[in-house]
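J.: Residue numbers (the numbering used here), protein chains in the order written: chain W, 28 to 140; chain P, 28 to 140.
Number of protein chains: 2
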Amino acid sequence: MMQAQQLDRIFTALSDAGRRRMVERLSKGPATVKQLAEPVNMRLPSALKHLKVLEDGGIVVSHKAGRTRTYSMQPDAFGAIDDWLRHRKTAMNAAFDRLILAMNETPEEETQP
Amino acid sequence: MMQAQQLDRIFTALSDAGRRRMVERLSKGPATVKQLAEPVNMRLPSALKHLKVLEDGGIVVSHKAGRTRTYSMQPDAFGAIDDWLRHRKTAMNAAFDRLILAMNETPEEETQP
Numbered sequence: 028m029m030q031a032q033q034l035d036r037i038f039t040a041l042s043d044a045g046r047r048r049m050v051e052r053l054s055k056g057p058a059t060v061k062q063l064a065e066p067v068n069m070r071l072p073s074a075l076k077h078l079k080v081l082e083d084g085g086i087v088v089s090h091k092a093g094r095t096r097t098y099s100m101q102p103d104a105f106g107a108i109d110d111w112l113r114h115r116k117t118a119m120n121a122a123f124d125r126l127i128l129a130m131n132e133t134p135e136e137e138t139q140p
Numbered sequence: 028m029m030q031a032q033q034l035d036r037i038f039t040a041l042s043d044a045g046r047r048r049m050v051e052r053l054s055k056g057p058a059t060v061k062q063l064a065e066p067v068n069m070r071l072p073s074a075l076k077h078l079k080v081l082e083d084g085g086i087v088v089s090h091k092a093g094r095t096r097t098y099s100m101q102p103d104a105f106g107a108i109d110d111w112l113r114h115r116k117t118a119m120n121a122a123f124d125r126l127i128l129a130m131n132e133t134p135e136e137e138t139q140p
């Protein structure tokens with residue numbers, strides 16, 4: 028259940044193009060709110076709101092030094108998504124293999140014209 | 028822009044635990060609406076609504092034979108997400124490499140006690 032809620036939050040966090048732009052920027056290195064807000068034409072309060080969604084999703088972390096809050100990527104930001112996707116792909120490949128096997132088991136008179 | 032809208036739809040489609048359960052089931056092979064709705068305790072109209080979101084996201088496809096509509100995974104269901112994640116990880120690794128390089132370039136008297 029915890030896992031499901033975490034995946035809900037991560038996928039929701041990444042479902043917004045503006046937030047993905049922030050993640051694209053942060054993947055290249057840490058940045059301040061101002062540096063993240065300007066390229067996407069966002070006001071600071073709006074940027075902070077989006078960054079909170081990314082932080083709640085475990086995708087970014089922030090720390091404050093003096094008056095400046097700096098954001099950076101969680102090192103394992105995409106771990107939960109990777110795991111979920113990998114399991115689906117493994118299952119899809121297995122299903123595909125079963126399909127091929129079933130086709131090969133079809134009697135010859137049906138597969139040859 | 029098209030790419031951004033597609034990613035919005037895919038990530039939104041996967042942000043719901045019920046829809047992910049459907050994807051988990053479909054990764055193992057095609058299924059009817061009924062087969063998809065029952066394990067997640069969904070009514071058919073609700074299941075159809077969720078399946079539409081997955082279909083709009085390009086994650087599943089459906090075809091109708093007689094009265095039965097069957098759903099299956101798009102073969103490249105996760106292609107766009109994979110591409111986006113791969114680019115972010117490449118950037119994160121490059122940023123990490125630059126950090127290591129910068130640390131190694133620190134004068135010895137500062138790194139050794």
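Ideal Cβ placement from N, Cα and C applies to all residues, glycine included.
Is P/M69 helix, strand or coil by DSSP?
T.: coil
J.: Does the Cβ-Cβ distance between P/V60 and P/L81 come in under 8 Å?
T.: no
J.: Closer than 8 Å by beta-carbon distance: list the chain W residues that pair up with P/D35, in chain order.
T.: S42, D43, A44
J.: Please confirm whether P/K61 has its beta-carbon closer than 8 Å to some beta-carbon of chain W.
T.: no
J.: Report yes or no: is there a C-beta of chain P within less than 8 Å of the C-beta of W/G85?
T.: no
J.: Helix, strand or coil, according to DSSP, for P/R96 in the structure here?
T.: strand
J.: Kindly list, in the order they appear in chain W, the residues whose Cβ is closer than 8 Å to that of P/V50.
T.: R115
J.: Could you check whether the Cβ of W/K76 sits closer than 8 Å to any Cβ belonging to chain P?
T.: no
J.: Residue range of the alpha helix (DSSP H) that W/F123 falls in?
T.: 106–131
J.: Identify, in the order they occur along the chain, each residue of the same chain with its Cβ nearer than 7 Å to the Cβ of W/G56, setting aside the five sequence neighbours on each side.
T.: none
J.: Are the C-beta atoms of P/A118 and some chain W residue less than 8 Å apart?
T.: yes
J.: In its own chain, which residues sit with a C-beta less than 8 Å from the C-beta of W/R48, not counting the 5 before and 5 after it?
T.: P66, V67
J.: Under the rule that 16 or more other beta-carbon atoms within 10 Å means buried, what is P/L63, buried or exposed?
T.: buried
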